[in-house]
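Numbering (this note's numbering), first residue to last: 768 to 1210.
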């Protein structure tokens, strides 16, 4: 028993001693850089690639040191061992160190924020040194690539974790540093996602600081030039915002904003953000064009590709936003011919027919005061019910396609209750009400 206690005590002492020992020695890094300064000032040594590689390594090590061995998901209980004892722990989940603040959740590291540089301008010095080493001896490319890859991974991860704690400018800076490092000929290929990530963050930040719109335009266009867009096409939506945010400086940005959205909707017809941006632009800004122009553009594309289901979807969405329910429904009925067993198509048709029913009902209510007979009143009610009834078969088919969808079951329940006086519909209400309760776990 004493032996076990002794071993535990030794382990505690080891952890405690490790916690105090694991610190960033900035003075040692400064001494190494000062030595490098002397070496590059020496004509004999400055002409050797090894001199510059050593200089770059000093700065690279200084960049990586504060967060070395740190990663998302790391056990917070082990921070004392790997990083050292924190100066304090704020709120029970933020470990405060001299060089970095580490944010945790449920006992795991979720993010961190770098607070200061071990070596001032280490990034710029490292880039300069790697460039010089390659210039003196291109054969050093493999070594340079390995070192740059480590830095790229560092900044890529820093960009990601900075988002987690709302440090968007720091995230933008990190992603752009990663992209710029990849421009080095030893790598020679930039991952365009870094431009995209930085661009979308800049588009968001533009609402607080318009200068970010300019940066976002630059970053997103850089991603486009490399042939990149995200899988749903949001790049065009973010680019629209960056152009639109600069419209006060030059009205030409309105046209650029429109063109970005038009290019986006042509490539990604189902993107709701792009569609909403177009509707906003056409309905709120003078000189951009008539909303009918947008429909005309889609119709031109449909003339070339009449079986393009996504274009029919986009056309229907435009008319829905314009509250032209007849053309909206017509578009989705064309879509239903192409995708008869698609859940979304059937559900949306039911939804749009319900919207059309609401419109007919509102029109009926506005003329109630002018109705002079019971026959006319009953005819109006019949017209309203007939409009709503058209939604029923589409929603029923949608639920057949996705019988576990509680939202669809709820729409059917509500619709059938509204139409409960129609022949056979009360039975449908009981059926869909029971399905809805079962799906929601309601007794």
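Glycine included, every Cβ here is placed at the ideal spot set by N, Cα and C.
My guess is that residue i and residue j are in contact by the Cβ rule of under 8 angstroms, so how many angstroms apart are they, rounded?
{"i": "residue 851", "j": "residue 864", "result": "7 angstroms"}
{"i": "residue 1003", "j": "residue 965", "result": "Rounded, the Cβ-Cβ distance is 16 angstroms, inconsistent with contact."}
{"i": "residue 967", "j": "residue 1005", "result": "5 angstroms"}
{"i": "residue 1180", "j": "residue 1203", "result": "5 angstroms"}
{"i": "residue 1115", "j": "residue 1092", "result": "Residue 1115 to residue 1092, Cβ: 12 angstroms. No contact."}
{"i": "residue 987", "j": "residue 1011", "result": "About 13 angstroms; that fails the 8 angstroms criterion."}
Do you know offhand how far residue i's Cα is from residue j's?
{"i": "residue 1198", "j": "residue 1190", "result": "15 angstroms"}
{"i": "residue 872", "j": "residue 840", "result": "9 angstroms"}
{"i": "residue 859", "j": "residue 843", "result": "11 angstroms"}
{"i": "residue 932", "j": "residue 835", "result": "20 angstroms"}
{"i": "residue 913", "j": "residue 970", "result": "33 angstroms"}
{"i": "residue 775", "j": "residue 847", "result": "Note that residue 775 scores a pLDDT of 40, beneath 50, so its modelled location is shaky; the value from the coordinates is reported in the next line. Cα-Cα distance, rounded: 17 angstroms."}
{"i": "residue 1205", "j": "residue 1095", "result": "33 angstroms"}
{"i": "residue 958", "j": "residue 1000", "result": "17 angstroms"}
{"i": "residue 1084", "j": "residue 1157", "result": "19 angstroms"}
{"i": "residue 1056", "j": "residue 1109", "result": "34 angstroms"}
{"i": "residue 804", "j": "residue 811", "result": "13 angstroms"}
{"i": "residue 953", "j": "residue 901", "result": "8 angstroms"}
{"i": "residue 904", "j": "residue 1066", "result": "59 angstroms"}
{"i": "residue 1073", "j": "residue 1185", "result": "37 angstroms"}
{"i": "residue 790", "j": "residue 854", "result": "12 angstroms"}
{"i": "residue 788", "j": "residue 849", "result": "Because the pLDDT at residue 788 is just 35, under 50, the model does not fix this residue reliably, and the point stays unresolved."}
{"i": "residue 1135", "j": "residue 1194", "result": "30 angstroms"}
{"i": "residue 911", "j": "residue 1044", "result": "44 angstroms"}
{"i": "residue 806", "j": "residue 1023", "result": "51 angstroms"}
{"i": "residue 899", "j": "residue 816", "result": "7 angstroms"}
{"i": "residue 1138", "j": "residue 1126", "result": "18 angstroms"}
{"i": "residue 796", "j": "residue 885", "result": "8 angstroms"}
{"i": "residue 1215", "j": "residue 1113", "result": "Coverage of the chain is limited to positions 768 through 1210, which leaves residue 1215 absent and any answer about it impossible."}
{"i": "residue 1018", "j": "residue 1025", "result": "12 angstroms"}
{"i": "residue 1063", "j": "residue 1037", "result": "17 angstroms"}
{"i": "residue 1196", "j": "residue 960", "result": "50 angstroms"}
{"i": "residue 1124", "j": "residue 1161", "result": "14 angstroms"}
{"i": "residue 1208", "j": "residue 1175", "result": "15 angstroms"}
{"i": "residue 794", "j": "residue 801", "result": "10 angstroms"}
{"i": "residue 1154", "j": "residue 1111", "result": "21 angstroms"}
{"i": "residue 944", "j": "residue 1128", "result": "59 angstroms"}
{"i": "residue 1058", "j": "residue 1130", "result": "25 angstroms"}
{"i": "residue 1214", "j": "residue 832", "result": "In the structure as shown, the chain begins at 768 and stops at 1210. Residue 1214 is therefore absent and cannot be evaluated."}
{"i": "residue 929", "j": "residue 1101", "result": "46 angstroms"}
Measure from the alpha carbon of residue i to the alpha carbon of each residue in the options, then state which is nearest.
{"i": "residue 1014", "options": "1176, 991, 978", "result": "978"}
{"i": "residue 1060", "options": "1076, 1129, 1071, 1082", "result": "1082"}
{"i": "residue 879", "options": "1125, 992, 924", "result": "924"}
{"i": "residue 1159", "options": "794, 1117, 922", "result": "1117"}
{"i": "residue 838", "options": "857, 1034, 909, 869", "result": "869"}
{"i": "residue 922", "options": "1069, 1007, 909, 827", "result": "827"}
{"i": "residue 1020", "options": "1098, 1052, 976, 943", "result": "1052"}
{"i": "residue 1104", "options": "876, 1075, 1119", "result": "1075"}
{"i": "residue 1031", "options": "876, 1174, 1007", "result": "1007"}
{"i": "residue 1016", "options": "943, 981, 998", "result": "981"}
{"i": "residue 1034", "options": "813, 993, 1078", "result": "1078"}
{"i": "residue 897", "options": "818, 876, 1210", "result": "818"}
Query raised in the report: Should the segment 916 to 925 be regarded as contacting the segment 946 to 958, the criterion being three or more beta carbon pairs within less than 8 angstroms?
Result: The answer is yes - the segment 946 to 958 touches the segment 916 to 925, with three or more Cβ pairs under 8 angstroms.
Query raised in the report: Are the segment 1081 to 1088 and the segment 1149 to 1166 touching by the rule of at least three beta carbon pairs closer than 8 angstroms?
Result: Verdict: no, contact absent.
**Report entry** Residue ranges of each alpha helix (DSSP H) within the segment 867 to 946, 4 or longer
**Finding:** 889 to 903, 908 to 931, all fully within the segment 867 to 946.
Query raised in the report: Touching or not, the segment 813 to 824 and the segment 884 to 899, by the rule of three or more beta carbon pairs under 8 angstroms?
Result: The segment 813 to 824 and the segment 884 to 899 touch, with no fewer than 3 CB-CB distances between them shorter than 8 angstroms.
Query raised in the report: Fully enclosed by the segment 1146 to 1206, which alpha helix (DSSP H) runs are 4 residues long or longer?
Result: For the alpha helix (DSSP H) assignment, the uninterrupted runs of no fewer than 4 residues enclosed by the segment 1146 to 1206 are, from N- to C-terminal side, 1159 to 1168, 1173 to 1185.
Requested in this report: Please list the segments of the alpha helix (DSSP H) lying wholly inside the segment 1069 to 1112, counting only runs of 4 or more residues, in order along the chain.
Outcome: Counting only runs of 4 or more residues that sit fully inside the segment 1069 to 1112, the alpha helix (DSSP H) segments are 1076 to 1088, 1092 to 1105, in chain order.
**Report entry** Length at least 4, wholly inside the segment 978 to 1042: the alpha helix (DSSP H) runs in chain order
**Finding:** Annotation note: the segment 978 to 1042 contains the following uninterrupted alpha helix (DSSP H) runs of length 4 or greater, listed N- to C-terminal: 978 to 992, 1001 to 1011, 1019 to 1034.
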